[in-house]
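Participant: Position 347 (the sequence shown) corresponds to 347 in our numbering; numbering is contiguous.
First, the structure itself, so that you have it in front of you.
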Amino acid sequence: MMNWEQLLSLRKAGDTNKRLRKEQNATRLGFEVDYDRIIFSSAFRSLQDKTQVIPLSKTDFVHTRLTHSLEVSVVGRSLGRLAGQKILEKHPQLEKTHGYQMNDFGAIVAAAALAHDIGNPPFGHSGEKAIGEYFSNGNGKRFKEMLTPEEFQDLTKFEGNANGFKILTEDRPGIPGGIRLSYATLGAFIKYPKESLPHKPSSRIADKKFGIFQSEKAFFEEVANELGLISTSKGKNLSYCRHPLAFLVEAADDICYTIIDFEDGINLGLIQEEYALEYLINLVKDSIITKKYHNLQTRADRLSYLRALAINTLLTEAVEIFMDNEEAILKGEFHEALFDRSKYEAQITDIIKISIDKIYQSEEVISKEIAGYQMLSHLLDTYTEALLPRDGEYTNYNKLVLKLIPHAGDFEDLPVYEKLIKICSYISSLTDSNIVSSFKKFKGLKI
């Protein structure tokens, strides 16, 4: 059974002494420092030009990955604080003996939620698929015989969650341990605490995808052991039960994309306002003040009111479900998303179904994702050929291309897998606009 004292570890990469909560400087608490480090990172800033709903949207009220991540972190902070208050009531020794406070839980969930999309490639989830299909069906197939099955799986099923863990923890020249977050925050960040193989989706939510590349496997195991996560490994492949707070990070994301992507669809005219408002009212019918709602004169104000009620409704329920199942979660016996137990599941499902039909599968989104596929495939071809030419000959063109990759000289003596995963991570770090610009340069269409 997992225990909260271990799960709330303040340890960071490279620490030799244990960090004690009681000894923390009240003005610079470790978990709050995590949030600061993420928000000042270049990887986080790049989310301002990455797709949330509409790729390369010129409409200022549509969410990007950055605005989405900020909103998820705000919801996550509230979820963490509410849950933290109840956890401390249930386990008073955490506060009396160790000094943990309600806000510590909020800070951990807020930081992990802030970073939850930091590893996502350009063009949303289609960007992940474009990278994966380059290796499974495109020119990247040529590398299969050079890699272990696990390494090749990392590439053919390229996963933004695993890339996020890489970005947060990877050594960089002069900066060991990446941005050095506390292990508690890293644990809450990892939604899928397993490596890419075996690929056997099960009823366990933690098996839905994977969250660790082979390149970070050793460090992930160190984090999991420090936190006391329960191992579910069979054979050589690592897998663990989730950190309990990862359920709250997931819930914060679920709340925001369910409600706010839907709101974007209404603002873009992809979903009829009257039709959409009816679905939101169904979700908040227990808390809506009808007179107040009918006094609102503009669509924006009506939407804002319903959005706030919907978020508060789901937030309150998520904490209730979490605490009702806290013991099972600590035992590693809870294997679904919190909202799978929601009494509003039918309403949530209806809203998501409309978002899929009207927004995610709209002509504008699909046409831009098709273009994104082509551009990402071309960039992968260009960079992999420059790093690992088919005929072994490094042409002058290859050498010029390599000069565009930051720290490409550090790749020179790396194994094939390390080169490939680094190049995929580099391409994933580019923004939607960066990809378009790079593609045009390589095609000779822009100077």
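No residue lacks a Cβ here, since even glycine has one placed at the ideal position from N, Cα and C.
Measure the C-alpha to C-alpha separation of residue 121 and residue 398 and round it to an integer number of angstroms.
Facilitator: So the alpha carbons of these two residues sit roughly 24 Å apart.
Participant: So residue 292 is in the alpha helix (DSSP H); what residue range does that whole segment cover?
Facilitator: Unbroken alpha helix (DSSP H) run through residue 292: 290-295.
Participant: Identify the residues that DSSP records as bridge partners of residue 194: which are they?
Facilitator: Its beta-bridge partners are 239.
Participant: How many Å lie between residue 437 and residue 376 at the Cα?
Facilitator: Straight-line Cα distance between these residues: approximately 12 Å.
Participant: When DSSP builds the beta bridges, which residues end up paired with residue 231?
Facilitator: Beta-bridge pairing links residue 231 to 240.
Participant: How about the segment 24-39 and the segment 352-362: do they share at least three Cβ pairs that are nearer than 8 Å?
Facilitator: Segments in contact, no.
Participant: Would you list, in sequence order, the uninterrupted alpha helix (DSSP H) runs of no fewer than 4 residues that lie entirely inside the segment 345-423?
Facilitator: DSSP runs (the alpha helix (DSSP H)) wholly in the segment 345-423: 345-355, 363-387 and 396-402.
Participant: May I ask you to report which of helix, strand or coil DSSP gives residue 172?
Facilitator: Strand.
Participant: According to DSSP, is residue 212 part of a helix, a strand, or is it coil?
Facilitator: Note: residue 212 maps to strand in three-state DSSP.
Participant: Around the Cβ of residue 99, are there at least 16 other Cβ atoms within 10 angstroms (buried) or fewer (exposed)?
Facilitator: Residue 99 comes out exposed.
Participant: From residue 268 to residue 369, what does the alpha carbon distance come to, in whole angstroms?
Facilitator: The straight-line gap from Cα to Cα measures roughly 18 Å.
Participant: Expressed to the nearest angstrom, what Euclidean distance is found between the alpha-carbon atoms of residue 338 and residue 251?
Facilitator: Residue 338 and residue 251: Cα-Cα distance of roughly 7 Å.
Participant: Can you check whether the CB of residue 69 is closer than 9 Å to the CB of residue 429?
Facilitator: Against a cut-off of 9 Å, the Cβ pair of residue 69 and residue 429 comes out as no contact.
Participant: DSSP on residue 448, reduced to helix/strand/coil?
Facilitator: Because residue 448 is not part of the residues shown, which for the chain are 1 to 447, the question remains open.
Participant: Does residue 445 pass the burial test, meaning 16 or more other C-beta atoms within 10 Å, or should it be called exposed?
Facilitator: The residue in question, residue 445, is exposed, as its Cβ has fewer than 16 Cβ neighbours within 10 Å.
Participant: Look at the alpha carbon of residue 310 and the alpha carbon of residue 270, and state the distance between them as a whole number of angstroms.
Facilitator: Their backbone Cα atoms lie some 20 Å apart in a straight line.
Participant: Beta carbon of residue 283, beta carbon of residue 330: below 9 Å?
Facilitator: Their beta carbons are not under 9 Å apart, which means residue 283 does not touch residue 330 by this criterion.
Participant: Less than 9 Å separating the beta-carbons of residue 229 and residue 80?
Facilitator: Going by C-beta atoms, residue 229 is not nearer than 9 Å to residue 80.
Participant: Within the same chain, show all residues whose beta-carbon is closer than 6 Å to that of residue 417, passing over the 5 residues directly before and after it, in chain order.
Facilitator: Excluding residues within five positions, the ones whose Cβ falls inside 6 Å are 147 and 151.
Participant: For the putative contact between residue 210 and residue 196, defined by C-beta atoms under 8 Å, what is the C-beta separation to the nearest angstrom?
Facilitator: Right, their Cβ atoms sit about 5 Å apart.
Participant: So, under 8 Å CB-CB, residue 384 and residue 420 are touching, yes? Tell me the CB distance rounded to an integer number of Å.
Facilitator: Confirmed, Cβ separation roughly 7 Å.
Participant: By the 10 Å Cβ neighbour count, where 16 or more other Cβ atoms means buried, how is residue 406 classified, buried or exposed?
Facilitator: Exposed, since its Cβ has fewer than 16 Cβ neighbours within 10 Å.
Participant: If you drop the 5 nearest sequence neighbours on each side, which residues of the same chain put their C-beta closer than 6 Å to that of residue 170?
Facilitator: Answer for residue 170: 178, listed in chain order.
Participant: Can you have a look at residue 125 and say buried or exposed, based on whether 16 or more other CB atoms are within 10 angstroms of its CB?
Facilitator: Exposed is the call here.
Participant: Here's a check: name, in chain order, each residue in its chain whose Cβ is nearer than 7 Å to the Cβ of residue 258, leaving out the five neighbours to either side.
Facilitator: Result list for residue 258: 348, 351 and 352, in chain order.
Participant: Applying the criterion that 16 or more other CB atoms from any shown protein chain within 10 Å of the CB defines a buried residue, is residue 2 buried or exposed?
Facilitator: Buried.
Participant: By alpha-carbon positions, which one of 107, 440 and 142 ends up nearest to residue 182?
Facilitator: Here the closest residue by C-alpha is 107.
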